[in-house]
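Asker:
Numbering (full-length UniProt numbering), first residue to last: 1 to 484.
Right, here's the structure in full:
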């Protein structure tokens, strides 16, 4: 008996639609490895329709007073709260994530972030008006940029959708967002929720649109003549392609790309606490996080003790099915990602040592064991490149200068952490580390009020915070003569 697959659809101008040419892709549950739905494979006609809807809605949405946009976002947050269990179910099927952790670790911050940007909608500020030339008054206006083409990743499909649409809508932009082709379900549900709020409050239907599709769909969106801005969270390769496509008509680009976060552990660290926190931050979400604590640098005097404790913590960490409340993480997102993670471990050089894990778990779904690898050198592939899996590497260093050299010696620059009881050393390291975020004696907490974004090949632009909000605005100078 064949189970009928669920049918996901695009959301354009307030309507759910199939792709204009009828093409679809299968959507696989990574916890089972089996297809559970189909989604549209959107082409040029679908992109045209979504962009037209967003462009038509933009003047009305832009001209609303901020209090009205705030009201919409607050109602969206309330609706997310009311339909939390539906969102959790969709996201768990999307990603295989543990249901309990999705409920506790994703839904609350998502709702909080929407409410934060609802407040930010009323706090756009510029320089005060003034006279900087005789007989002239200058005013600064902060305006929305226009239609935003947004591409979200598969590691946090729900939350990354929020990080994109909430500041964009708060600032007065309209949105066309594309989820990953492997994880469209929760974003389609979000479209239903937001569409319902817009309809209830009588706002234009085209304010928020969702297009399902693949990399080609994303390219068509970014190269389309309508959007004024392209925003992507994804791989460095994808970010470079988006920047290249956007350059053809000089679109603004917002990129949150890969990471290879150094975790610098000094000899005065409480080893037991550091191991507990670092293993959690390294293995959470199967290590599929650009900020994951997966590149540990440990002072040589405590290296062996630390590695032994970390390997023990890895062995005690569980992965498994979404309904198992005793697991820290679920499967890798797709078969290609399982092959990528396995490949890094299979290609380890002879001087490396697998201290824990290093293998697939089970033969159903895309599960990989919590893994710790020691004995590595700075130029090893697994040190230099993003694994994006539950694999923590460990290197040793001799002094502060070498720690900084190793930490900064990669092409990524998103997040980092320093573990020490020495306040002055922590301050020196926070200055020296070339990363967009430095945590001290912790790793991975995020708050809506603080910016998230990197340097170098980790991209540019900020998510969250007032800085992320401002990224979705443009600045206009207005000068008027006082002569009448």
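Glycine included, every Cβ here is placed at the ideal spot set by N, Cα and C. In this text the structure is predicted, and so the values were computed from the model without any measurement.
Report yes if the CB atom of residue 288 is closer than 9 Å to the CB atom of residue 337, and no otherwise.
Answerer: Along the chain shown, one-based indexing puts residue 288 at 288. Along the chain shown, one-based indexing puts residue 337 at 337. Yes, they are a contact pair.
Asker: Need the endpoints of the alpha helix (DSSP H) that residue 61 sits in, please.
Answerer: For this step, residue 61 is matched to residue 61 along the chain shown. Residues 44-62.
Asker: Going by alpha carbons, who is nearest to residue 57 out of 340, 209, 258, 286?
Answerer: Stepping through the chain shown from its first residue, residue 57 is reached at position 57. Residue 209 is the option with its Cα nearest to residue 57.
Asker: Considering only the alpha carbon of each residue, which of 388, 355, 359 lies closest to residue 372?
Answerer: Sequence index remark: in the chain shown, residue 372 carries index 372 (1-based). That would be 355, whose Cα lies nearest to the Cα of residue 372.
Asker: Could I get the ranges of all uninterrupted alpha helix (DSSP H) runs contained in the stretch 365-428, with 4 residues as the minimum, in chain order?
Answerer: 381-384, 400-408
Asker: Just reading off the alpha helix (DSSP H) that residue 114 is part of, what are its end residues?
Answerer: Working through the chain shown from its first residue, we reach residue 114 at position 114. Element bounds for residue 114: 107-120.
Asker: I'd like to check one pair, residue 370 with residue 319: are the Cβ atoms closer than 9 Å?
Answerer: Locating residue 319 in the chain shown gives position 319, counting from the first residue. Locating residue 370 in the chain shown gives position 370, counting from the first residue. Cβ distance < 9 Å, so residue 319 and residue 370 count as in contact.
Asker: Please report the distance separating the alpha-carbon of residue 87 from that of residue 111.
Answerer: Numbered from its first residue, the chain shown carries residue 87 at position 87. Numbered from its first residue, the chain shown carries residue 111 at position 111. Going from the Cα of residue 87 to the Cα of residue 111 covers about 12 Å.
Asker: State whether the stretch 151-159 contacts the stretch 63-76, with contact taken as three or more CB pairs (one from each stretch) at a distance under 8 Å.
Answerer: Two segments are said to touch when three or more pairs of C-beta atoms, one from each, lie closer than 8 Å; by this definition the stretch 151-159 does not touch the stretch 63-76.
Asker: Helix, strand or coil: which one does DSSP assign to residue 503?
Answerer: This structure cannot settle anything about residue 503, because the visible part of the chain is limited to 1 through 484.
Asker: Could you compute how far the alpha carbon of residue 23 sits from the alpha carbon of residue 270?
Answerer: Here residue 23 corresponds to residue number 23 of the chain shown, with the count starting at 1. Here residue 270 corresponds to residue number 270 of the chain shown, with the count starting at 1. Whole-angstrom Cα-Cα distance: 56 Å.
Asker: Just verifying my parser: in three-state terms, what is the DSSP assignment at residue 188?
Answerer: To locate residue 188, count along the chain shown from 1; it is residue 188. Here residue 188 sits in helix by DSSP.
Asker: Taking the DSSP output, what are the residues bridged to residue 177?
Answerer: Locating residue 177 in the chain shown gives position 177, where the first residue counts as 1. Looking at the DSSP assignment, residue 177 forms a beta bridge with 150, 210.
Asker: Considering Cα atoms alone, identify which of 6, 132, 402 is closest to residue 478.
Answerer: Looking up residue 478 in the chain shown gives position 478. Selected option, being the one with the closest Cα: 132.
Asker: The beta strand (DSSP E) that contains residue 130, what's its start and end?
Answerer: Taking the chain shown and counting its residues from 1, the one referred to as residue 130 is at position 130. Element bounds for residue 130: 130-133.
Asker: DSSP puts residue 273 in a beta bridge; with which residues?
Answerer: What you label residue 273 is simply residue 273 of the chain shown in a count that begins at 1. DSSP lists no partner for residue 273.
Asker: Find the nearest neighbour of residue 469 within the set 119, 238, 429, 43, judged by alpha-carbon distance.
Answerer: Stepping through the chain shown from its first residue, residue 469 is reached at position 469. Closest option to residue 469, Cα to Cα, is 119.
Asker: Which stretch, first to last residue, makes up the alpha helix (DSSP H) that contains residue 66?
Answerer: Working through the chain shown from its first residue, we reach residue 66 at position 66. Note, residue 66: alpha helix (DSSP H), 66-82.
Asker: Evaluate residue 404 with the Cβ neighbour count: other Cβ atoms within 10 Å of its Cβ, from every protein chain shown; 16 or more gives buried, anything less gives exposed.
Answerer: Your numbering for residue 404 matches position 404 in the chain shown. By the 10 Å Cβ count, residue 404 comes out buried.
Asker: How long is the line joining the alpha carbons of residue 367 and residue 242, rounded to whole angstroms?
Answerer: The count along the chain shown starts at 1 and reaches residue 367 at position 367. The count along the chain shown starts at 1 and reaches residue 242 at position 242. About 31 Å.
Asker: If I measure Cβ to Cβ from residue 1 and keep anything under 8 Å in the same chain, skipping five residues before and after, which residues do I get?
Answerer: By one-based count along the chain shown, residue 1 stands at place 1. With a pLDDT of 42 at residue 1, under the threshold of 50, the predicted position of this residue should be treated as unreliable, though the coordinate-derived value follows. Nothing listed; no residue qualifies.
Asker: By Cβ distance below 6 Å, which residues in the same chain neighbour residue 408 in space, the five residues on each side in sequence not counted?
Answerer: Position 408 of the chain shown, counted from the first residue, corresponds to residue 408. Contacts found: 434.
Asker: Have a look at residue 246 and residue 59 and give me their C-alpha separation to the nearest angstrom.
Answerer: Within the chain shown, residue 246 is the residue found at index 246, counting from 1. Within the chain shown, residue 59 is the residue found at index 59, counting from 1. So the two alpha carbons sit approximately 23 Å from each other.
Asker: Would residue 471 and residue 233 qualify as a contact pair, given that the criterion is a beta-carbon distance under 9 Å?
Answerer: Position 471 of the chain shown, counted from the start, is the residue given in the question as residue 471. Position 233 of the chain shown, counted from the start, is the residue given in the question as residue 233. No, they are not a contact pair.
Asker: For residue 431, count neighbouring Cβ atoms within 10 angstroms of its own Cβ and tell me buried if that reaches 16, exposed if not.
Answerer: As a working mapping, residue 431 is identified with position 431 in the chain shown. Residue 431 is exposed by the Cβ-count criterion.
Asker: How should residue 250 be labelled, buried or exposed, when 16 other C-beta atoms within 10 angstroms of its C-beta is the threshold for buried?
Answerer: Numbered from 1 along the chain shown, position 250 holds the residue referred to as residue 250. With fewer than 16 other Cβ atoms within 10 Å, it is exposed.
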